[in-house]
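Worksheet for the structure shown next.
Residue numbers (this note's numbering), protein chains in the order written: chain A, 1 to 327; chain B, 328 to 654.
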């Protein structure tokens, strides 16, 4: 196996497959929101990982196309329902489904999206179908568990680092792990290799989420898509805040709690003050160390794969790009 | 095949299987509502039909137990989400999940219930798995379509009889059809027999739903579990109201529309007045004729099955009991 495919070939094939996918016809209120959210864009990183994982083990990665779209449909189903629960007005700069239509439509369209994801997974060849579905069921349940833990954490001030890592693992990382595992199973990889890809995906996903937390505070406003400090303003329980609550004591902890309890405040002043507390506690360095640790573990998982080096390099390059080591 | 099982054996095995079913552990907020709604009771008619359908084609109906529970879990998932959409405070006399917990928990618990239903279906033996899942996916999507049509109809006054029948077919009847089809597929029945069972289930389901509409107006208050006239008070678009709107004209239609438009009224007076309009139009007889037509078709579908007569009689008896021909 020496043939190396340009990563753009995967992306083009994926875009074409997504455009061809039919979710259903009538009633329009049920199916239009699915096309809408699927066309809001995004990096499509999960289905791309599925295709790249399949390519590691053979040339016929195109048979992973429909299952790859299943992962993307499932991901967008979780976004549609999470946006209701979080009362989010916008998704990728556009109105969320429950805002553009209504709550009931967002619930029901989401439900049928989950069914659509299962239907797309039925494209998996019979010898692999039961295994894929069992792994998907477990992953889907874990994603729901992660979302529930996240909601539970909103009203708790004693969330530990371990609890937080477990929550983001369930809510976001296991799906990256599954996306990779899925591609490898379809391509006939053995369990050891599939497991390595899954573990690698989870580690990369964990680093990815912590980096998101970090960039909210320390990101370059010119590069970061969202308002810097948004999590601080909203008291969002990020890795940084949880660490700061655990690491601080005395006057500094009181100052932090004061900002968290304040109901009226100048937003910029709060962001600056809380960032200063993070700085004093060395939260940035601590978070960066954890991010690097997860990324290093993830790359080590991928390095261990017994596959053609050129194909492995493709996955490693794509992952480097994804995690944006430069920024 | 002459061994005939007492129907209670199915019910006991089913109850035991439901009690043994594990939905998940943590977080409790996610999984407790599933046990709660599954334990609210109900006639369990869908999973019982699955078991009876399997028994028609062989003695090993117990291998249909987990898939039968999958149908019951799916049905209760739809109830959990429908109750949010309908803002229903009570389900079987107990607080609905979104009332007892909250909306977000009802959305997310419902989501994981749908995943649980798929997990239970994975118990189907490999040769039948893909077929069962394809049929389940179609059925699940149809149930969502039916619920969306039902919500669309709330704001329309020109719903035709055909549209209404199609809506209740999707929303409630296809799942009865699938429950029967499922049992037969698992037991190795051929497509012709499975199709007959499915058709029969749909016809019985349609009659069943129209009978529910009828009993709201003409039921015996002592036997009917709900308030007689509740649909009239709420302007619910039932088969009776749709027929009355189509059949009436002139002064009678104006009187009916007057009651539908009234914002302040004596409930008992409205129920009596609308019932009197139905009486004048012969809506009761017309509805009874349609119910009998659907039931007759359903029994004819079942009669055509090429199975052991004693086992067929068991299904026919159970169906008679279910539709309560006596009341």
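Beta carbons: idealized from backbone N, C-alpha and C, even for Gly.
When C-alpha distances from residue 483 of chain B are compared across B/563, B/538, B/449, B/541, the shortest belongs to B/563. Taken in chain order, the members of the segment 446-466 of chain B whose beta-carbon sits within less than 7 Å of a beta-carbon on chain A are 446, 449, 453, 456, 457, 460, 461, 464. Taking 7 Å as the cut-off between beta carbons, the residues of the segment 423-443 of chain B near chain A are 431, 434, 435, 438, 439, 441, 442, in sequence order.
In the DSSP assignment, residue 7 of chain A falls within the alpha helix (DSSP H) that extends over 7-20. Comparing C-alpha distances from residue 341 of chain B to each of B/392, B/478, B/477 shows the shortest one belongs to B/392.
Our two residues, residue 245 of chain A and residue 217 of chain A, have alpha carbons roughly 16 Å apart in a direct line. Between residue 560 of chain B and residue 126 of chain A, the alpha-carbon positions lie close to 53 Å from each other. The DSSP assignment places no complete beta strand (DSSP E) segment of no fewer than 3 residues inside the segment 433-502 of chain B. Those residues of the segment 389-423 of chain B placed with their C-beta closer than 7 Å to a C-beta in chain A are 408, 411, 412, ordered along the chain. Taken atom to atom, the span from the alpha-carbon of residue 128 of chain A to that of residue 457 of chain B is near 11 Å. Sorting B/447, B/446, B/445, B/424 by C-alpha distance to the C-alpha of residue 436 of chain B places B/424 at the top. Residues of chain A with a Cβ closer than 8 Å to the Cβ of residue 354 of chain B are, in chain order, 145, 148, 149, 152.
The three-state secondary structure of residue 573 of chain B, taken from DSSP, is helix. For residue 502 of chain B, the closest Cβ of chain A is not nearer than 8 Å.
Scanning its chain for C-beta atoms nearer than 6 Å, with the 5 sequence neighbours on each side dropped, one finds around residue 506 of chain B the residues 373, 376, 377, 398, in chain order.
Taking 8 Å as the CB threshold, residue 375 of chain B stays off the interface with chain A.
Approximately 5 Å separates the beta-carbon atoms of residue 209 of chain A and residue 168 of chain A; this is inside 8 Å, confirming the contact.
Using a CB distance cut-off of 8 Å, residue 509 of chain B does not count as an interface residue toward chain A. Across the structure, residue 201 of chain A and residue 60 of chain A are spaced so that their CA atoms are roughly 22 Å apart. Cα atoms of residue 289 of chain A and residue 306 of chain A: separation of roughly 29 Å, rounded to the nearest angstrom.
Rounded to the nearest angstrom, the gap between the Cα atoms of residue 67 of chain A and residue 183 of chain A is 8 Å. Non-local C-beta neighbours of residue 403 of chain B in its own chain, meaning closer than 7 Å and more than five positions away in sequence, comprise 364, 365, 440, ordered along the chain.
Close to residue 141 of chain A, with beta-carbon spacing below 7 Å, are these residues of chain B in chain order: 351, 439, 442.
Taking the beta carbon of residue 30 of chain A as reference, the chain B residues within 7 Å of it are 471, 472, 475, listed in sequence order. A Cβ-Cβ contact shorter than 8 Å links residue 351 of chain B with residue 141 of chain A. Remark: C-beta atoms of residue 565 of chain B and residue 540 of chain B approach each other more closely than 8 Å.
Going by beta carbons, residue 134 of chain A and residue 449 of chain B fall inside the 8 Å limit. If you compare the alpha carbons of A/311, A/313, A/196, A/292 with that of residue 323 of chain A, the shortest gap goes to A/292.
Residue environment: residue 33 of chain A is assigned as buried (16 or more neighbouring CB atoms within 10 Å of its CB, all protein chains considered).
Shown here, residue 94 of chain A sits in a strand according to DSSP, grouped into three states. Within the segment 518-553 of chain B, the complete alpha helix (DSSP H) runs of at least 4 residues fall at 518-545. The criterion of a C-beta distance shorter than 8 Å is not satisfied by residue 170 of chain A and residue 154 of chain A. The alpha carbon of residue 207 of chain A has as its nearest neighbour, out of A/54, A/320, A/268, A/249, the alpha carbon of A/320. Residue 164 of chain A and residue 149 of chain A have their C-alpha atoms some 9 Å from each other.
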